[in-house]
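**Q**
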Amino acid sequence: MNTDLFLHRSVALAAAAGLALSVAACSGSASGSGSSKDGAGSSVSATLDPAAKVTISIDCEPPVTKTAERKQWAEDIAAFNRLYPNVTINSKDASPCEEPAPFTAQLKGRTQTDVFYTYFTDLGQVLDEGQAEDITPYVNETTVPALKDIDPSVLATLKADGKLYGLPTSNYRMGLLYNRKLFTRAGLDPDKPPATWDEVRAAARKLAALGNGVNGYGDYSATNQGGWHYTAELYGLGGAMVSEDGKKAAFNTPEGRQVLQNLYDMRWTDNSMGATQGLKWPDLMTRMASDKLGMYVGAPDDITYMVQTLKGNYADYGMGPMPGGKSALLGGNDYMFKKGSSPDQIKAGIAWINFKYLTLGKGQFDYARTKADNLPVGLPQPFFFTGASLAGDNRAKAASATVPVQNYAPYLATSVPGRTEPANAQQIYKVLDNPVSAVLTDRNANVSKLLSDAETQVNQVLASLQ
Amino acid sequence: MAAINVSLRRKVRQNLTAHGFLIGAVLCFGYFSWYPMVREIVMSFQRTRRGRTTWVGLDNLDHILQDPAFWQAWRNTLLFTVLALLFGFAVPFLVAILLNELRHARSYLRILVYLPVMMPPVASVLLFKYFYDPGHGLFNHLLAALHLPTSAWLNSPDTAMVSVVIAATWMNMGGATLIYLAALQGIPGELYEAAELDGAGLLRRIWYVTVPQTRLILSLLLLLQIVATMQVFVEPYLLTGGNGPQGSTLTVVHLIYQYAFNFNNYGSASALGLVMLLLLAGFSGLYVRLSRNAD
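Protein chains in written order, with UniProt numbering: chain A, 1 to 466; chain B, 1 to 295.
Set out below in structure tokens:
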């Protein structure tokens, strides 16, 4: 080998060290779809002027592989265009709609669509990048008639400093997912899922006693999902992750210790969780769909995944309320509006979201069409309406149900208040992965010390974010 | 005269094409390789909040030094590097020596050794995840059949990193073996013949002929391997989700990834990338120096 070759290789290798984090720097300058500038009807208090010519780009169009959803998207755009013939929607397909790494890079490069899909937990990140428009002046009961019936705790996740930055399209409230088939085999009543952690533990023992590799209870403990589930379980017991002002960790409490102790006891004392740990999404679904797992904490859309992707049966899965029942972690997704969008673009985007996602009987709430397209109807999701809208939605859903809605009756019958994820959730979850994975992989784990160490680390994280 | 003009025109045309290619390559390299590096250095001194980017001096460096994960990631990365050198350097070298000593079936065995390299990393990782499963995995079944104690493999902080290294060694052994084999085949046969005539057995031939003859190339490959293994990401990420039990497989590159893509903290990610860049640049300098000696 000659010196030049060595030099080139060494330089390339050294360059590679910084490459992973520098990718975003390659992204181009801000791009915008062709759009009308402020023109007729650009006053923020008015609804969209039907005469205004507007072009908006929107992501999260279902991919071609999701034939029925894609067809519905096209139908809805056609129907929307009959109401607003001057609005052009440029759709961008995606599955999944958001992946954290590309999404982060898009924000950094300002290459997201005009109306862009986000998770509830993304607001802080989007605002830090200065990438969202304040839509407060545009959202009212004229532009979004069902506004008064949208759960305030859901809208709160999309607000910062009193300003609204997004509109919800779907949400979930976590609960206890369980395998009804295994419940029956273990002599448990599939219509009465456990409601407390003591009951969960007792049921898990019976389920694990079935043998043949069946685990009674399962939990994630990797890729920040251990911290995520820790939070959900802590909320169920009435605990909190951070103080009211968000500056201190608040989980080193009897409730916080109880979450870890439950897991430790099920793993080591009862041996009802199995030896394979370090699980991450979608490991628990895979196990439940193959009848190797009795229960885990999850959201209703996990059932869709188990049936549509893992070829399970709706009849086999049930859902109960979050054990403990004090509150349930809620999450979901929404659309935000790219910084720099014109008033007409924002109005057109809101009109589309209202049509597609927030109007009973239309778009995602057209259950008769969903049923005709062989897609599931009856899962307790989305779950953001209250009052008359919720009642109307439940009636419409029941009329076209294609899944056994009675399997989710325990979940629906128990009203558990929703609670959002803490700010800077991922950084906190990363720290909490450690104690969760410790109690599941170390028989000598010291719950108090693990939690105390995690508290110190989270306080450090929070201090660095002030 | 006309002939000279034709020749000159041809040369100019040829050079233009060459320069055209060169400019394209330089532009691509500059934009996709060097510009991100420069941006990384700039961003390691910046922070972005609410859409505003500010210069923060060494705050990002301070932040990563305060993060307990920083030292844990370095400890894990160094452990991986040492273990990867023990396994990943020694095992392929020994296999290469064995292949080199073989008189028959050498080609078939070479193919067999190289086969794992052709398997996509994700498939290899899935395979090892099944092997490592502490409940029903192949490895524990084999250990139990031999009446040996079973292991938690990826499920214990004590064994997770070793398990990752074993899988990584298996996945990458074929390529390293072929490189060592090429180096071994460059040794003149007369040296072995002379050693044999002097009554040297296999071990003595390896010690007195093979090792001295390949020492320089081995030291260069060792340095290359150090630079490569310190950037390990794929194997721990796929096998353990990146962190492993109690953070036992968290590596520096994974921490960079977490800062950037999980926490949206590009400043800290860039600062940590810069620390790693400087360290690896040191190794690369050593590498260049050694390669000069090799020439």
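Cβ atoms here follow ideal geometry from the backbone N, Cα and C, with glycine treated the same way.
So residue 280 (chain A) contacts chain B; which residues on that side make the cut at Cβ distance below 8 Å?
**A** Your numbering for residue 280 (chain A) matches position 280 in the first sequence. Near residue 280 (chain A) (Cβ distances below 8 Å), the residues of chain B are 241.
**Q** Which of the residues in the stretch 138-154 of chain B, read from start to end, lie with their CB under 8 Å from any CB of chain A?
**A** 152 and 154
**Q** Should residue 239 (chain A) be labelled buried (16 or more other beta-carbon atoms within 10 Å of its own) or exposed?
**A** Translated into the one-based positions of the first sequence, residue 239 (chain A) becomes position 239. Residue 239 (chain A) is buried by the Cβ-count criterion.
**Q** What do you reckon, are the CB atoms on residue 306 (chain A) and residue 200 (chain A) nearer than 8 Å?
**A** Residue numbering aside, residue 306 (chain A) sits at position 306 when the first sequence is read from its first letter. Residue numbering aside, residue 200 (chain A) sits at position 200 when the first sequence is read from its first letter. Not in contact: residue 306 (chain A) and residue 200 (chain A) (Cβ atoms no closer than 8 Å).
**Q** Listed from N- to C-terminal order along the chain, which residues in the stretch 260-277 of chain B have their beta-carbon within a distance smaller than 9 Å of any beta-carbon of chain A?
**A** 260, 261, 262, 263, 264, 265, 266, 268, 269, 270, 272, 273, 274, 276 and 277
**Q** According to the Cβ coordinates, are residue 219 (chain B) and residue 280 (chain B) closer than 8 Å?
**A** To locate residue 219 (chain B), count along the second sequence from 1; it is residue 219. To locate residue 280 (chain B), count along the second sequence from 1; it is residue 280. In this structure, residue 280 (chain B) does not lie closer than 8 Å to residue 219 (chain B) by Cβ.
**Q** So for residue 167 (chain A), helix, strand or coil by DSSP?
**A** For this step, residue 167 (chain A) is matched to residue 167 along the first sequence. Three-state DSSP puts residue 167 (chain A) in a strand.
**Q** If residue 293 (chain A) and residue 215 (chain A) are in contact, beta carbons under 8 Å, what's the gap, nearest whole angstrom?
**A** Locating residue 293 (chain A) in the first sequence gives position 293, counting from the first residue. Locating residue 215 (chain A) in the first sequence gives position 215, counting from the first residue. Indeed they touch by this definition, with Cβ atoms about 5 Å apart.
**Q** So which residues of chain A does residue 52 (chain B) contact, with C-beta pairs closer than 8 Å?
**A** The residue labelled residue 52 (chain B) in the question sits at position 52 within the second sequence. Chain A residues near residue 52 (chain B): 130.
**Q** Can you tell me the Cβ-Cβ gap for residue 179 (chain A) and residue 49 (chain A), rounded? I've got them flagged as a contact below 8 Å.
**A** Position 179 of the first sequence, counted from the first residue, corresponds to residue 179 (chain A). Position 49 of the first sequence, counted from the first residue, corresponds to residue 49 (chain A). In fact, because the Cβ distance is near 54 Å, the residues do not count as touching under 8 Å.
**Q** Can you tell me which of A:186, A:142 and A:134 puts its alpha carbon nearest to the alpha carbon of residue 163 (chain A)?
**A** Numbered from 1 along the first sequence, position 163 holds the residue referred to as residue 163 (chain A). For residue 163 (chain A), the nearest C-alpha among the options comes from A:134.
**Q** Hey, how far is the Cα of residue 389 (chain A) from the Cα of residue 229 (chain B)?
**A** Position 389 of the first sequence, counted from the start, is the residue given in the question as residue 389 (chain A). Position 229 of the second sequence, counted from the start, is the residue given in the question as residue 229 (chain B). Between residue 389 (chain A) and residue 229 (chain B), the C-alpha separation is close to 57 Å.
**Q** Answer with buried or exposed for residue 138 (chain A), where buried requires no fewer than 16 other C-beta atoms within 10 angstroms of its C-beta.
**A** As a first step, residue 138 (chain A) must be located in the first sequence, where it is residue number 138. Classification for residue 138 (chain A): buried.
**Q** Using CA coordinates, which residue listed in A:51, A:463, A:433 and A:58 is at the minimum distance from residue 85 (chain A)?
**A** Against the first sequence, residue 85 (chain A) aligns to sequence position 85. The shortest Cα separation from residue 85 (chain A) among A:51, A:463, A:433 and A:58 belongs to A:51.
**Q** Give me the Cα-Cα distance between residue 280 (chain A) and residue 220 (chain A), rounded to the nearest whole angstrom.
**A** Position 280 of the first sequence holds residue 280 (chain A). Position 220 of the first sequence holds residue 220 (chain A). Their backbone Cα atoms lie some 5 Å apart in a straight line.
**Q** Please give the ranges of any beta strand (DSSP E) in the stretch 305-392 of chain A, keeping only runs that are unbroken, at least 3 residues long and fully inside the region.
**A** 317-320 and 328-337
**Q** Consult DSSP for residue 30 (chain A) and reduce its assignment to one of helix, strand or coil.
**A** In the first sequence, counting from the first residue as 1, residue 30 (chain A) sits at position 30. Bear in mind that a pLDDT of 34 at residue 30 (chain A), under 50, signals an unreliable position, so the model cannot answer this.
**Q** Along the chain, where does the alpha helix (DSSP H) that runs through residue 230 (chain B) open and close?
**A** Start at 1 with the first residue of the second sequence, and residue 230 (chain B) comes out as number 230. It is not in any alpha helix (DSSP H) - residue 230 (chain B) carries neither H nor E in the DSSP assignment.
**Q** Give me, in chain order, the residues of the same chain whose beta-carbon lies closer than 7 Å to that of residue 55 (chain B); leave out the 5 immediate sequence neighbours on both sides.
**A** Residue numbering aside, residue 55 (chain B) sits at position 55 when the second sequence is read from its first letter. Cβ within range, chain order: 45 and 46.
**Q** In the stretch 54-104 of chain A, which residue ranges form an unbroken beta strand (DSSP E) of at least 3 residues, counting only runs that do not cross its ends?
**A** 54-61 and 87-93
**Q** Using a 10 Å radius around the Cβ and a threshold of 16 neighbouring Cβ atoms, would you call residue 287 (chain A) buried or exposed?
**A** The sequence position of residue 287 (chain A) within the first sequence is 287, counting from 1. Answer is buried; the Cβ neighbour count reaches 16.
**Q** Please return the same chain residues whose Cβ sits closer than 8 Å to the Cβ of residue 195 (chain B), not counting the five positions on each side in sequence.
**A** Position 195 of the second sequence holds residue 195 (chain B). Excluding positions up to five away in sequence, the list reads 204, 205, 208 and 209.
**Q** Any idea if residue 429 (chain A) is buried or exposed, counting beta-carbon neighbours within 10 angstroms, 16 or more meaning buried?
**A** Here the question's residue 429 (chain A) lines up with position 429 in the first sequence. Residue 429 (chain A) is buried by the Cβ-count criterion.
**Q** So is residue 83 (chain A) buried or exposed if we call it buried at 16+ other beta carbons inside 10 Å?
**A** Locating residue 83 (chain A) in the first sequence gives position 83, where the first residue counts as 1. Classification of residue 83 (chain A): exposed, given that the 10 Å Cβ count is below 16.
**Q** Does DSSP classify residue 100 (chain B) as helix, strand or coil?
**A** As a position in the second sequence, residue 100 (chain B) is number 100, starting the count at 1. It is helical.
**Q** Starting from residue 217 (chain A), trace the beta strand (DSSP E) in both directions and tell me its first and last residue.
**A** Mapped onto the first sequence, residue 217 (chain A) falls at position 217. Segment 215-217, the beta strand (DSSP E) holding residue 217 (chain A).
**Q** How is the alpha helix (DSSP H) around residue 197 (chain A) delimited, first residue to last?
**A** As a working note, residue 197 (chain A) is residue 197 in the first sequence. Note, residue 197 (chain A): alpha helix (DSSP H), 197-208.
**Q** Taking residue 127 (chain A) as the query, report the chain C residues whose CB atoms sit under 7 Å from its CB, ordered along the chain.
**A** The chain inventory of the structure shown lacks chain C, comprising the protein chains A and B.
**Q** Looking only at DSSP bridge pairs, what is residue 54 (chain B) linked to?
**A** Working through the second sequence from its first residue, we reach residue 54 (chain B) at position 54. DSSP, once it has assigned bridges, lists B:47 as partnering residue 54 (chain B).
**Q** Quick check: the Cα distance between residue 155 (chain B) and residue 328 (chain A), rounded to an integer number of angstroms?
**A** Numbered from its first residue, the second sequence carries residue 155 (chain B) at position 155. Numbered from its first residue, the first sequence carries residue 328 (chain A) at position 328. Rounded to whole angstroms, residue 155 (chain B) to residue 328 (chain A) spans 29 Å at the Cα level.
**Q** Are the CB atoms of residue 384 (chain A) and residue 132 (chain A) nearer to each other than 8 Å?
**A** As a working note, residue 384 (chain A) is residue 384 in the first sequence. As a working note, residue 132 (chain A) is residue 132 in the first sequence. Their beta carbons are not under 8 Å apart, which means residue 384 (chain A) does not touch residue 132 (chain A) by this criterion.
**Q** On the DSSP bridge list, what partners appear for residue 159 (chain A)?
**A** By one-based count along the first sequence, residue 159 (chain A) stands at place 159. According to DSSP, residue 159 (chain A) bridges with A:164.
**Q** Among A:58, A:450 and A:55, which one has its Cα closest to the Cα of residue 259 (chain A)?
**A** In the first sequence, the residue the question calls residue 259 (chain A) occupies position 259. The shortest Cα separation from residue 259 (chain A) among A:58, A:450 and A:55 belongs to A:450.
**Q** Measure the alpha-carbon distance for residue 308 (chain A) versus residue 366 (chain A) and round it to whole angstroms.
**A** On the first sequence, residue 308 (chain A) is found 308 positions in, with the first residue counted as 1. On the first sequence, residue 366 (chain A) is found 366 positions in, with the first residue counted as 1. Their backbone Cα atoms lie some 20 Å apart in a straight line.
**Q** Have a look at residue 310 (chain A) and residue 109 (chain B) and give me their C-alpha separation to the nearest angstrom.
**A** By 1-based counting over the first sequence, the position of residue 310 (chain A) is 310. By 1-based counting over the second sequence, the position of residue 109 (chain B) is 109. Roughly 40 Å separates the two Cα atoms.
**Q** Look at the alpha carbon of residue 92 (chain A) and the alpha carbon of residue 182 (chain A), and state the distance between them as a whole number of angstroms.
**A** Taking the first residue of the first sequence as 1, we reach residue 92 (chain A) at position 92. Taking the first residue of the first sequence as 1, we reach residue 182 (chain A) at position 182. If you take the alpha carbons of residue 92 (chain A) and residue 182 (chain A), they lie about 41 Å apart.
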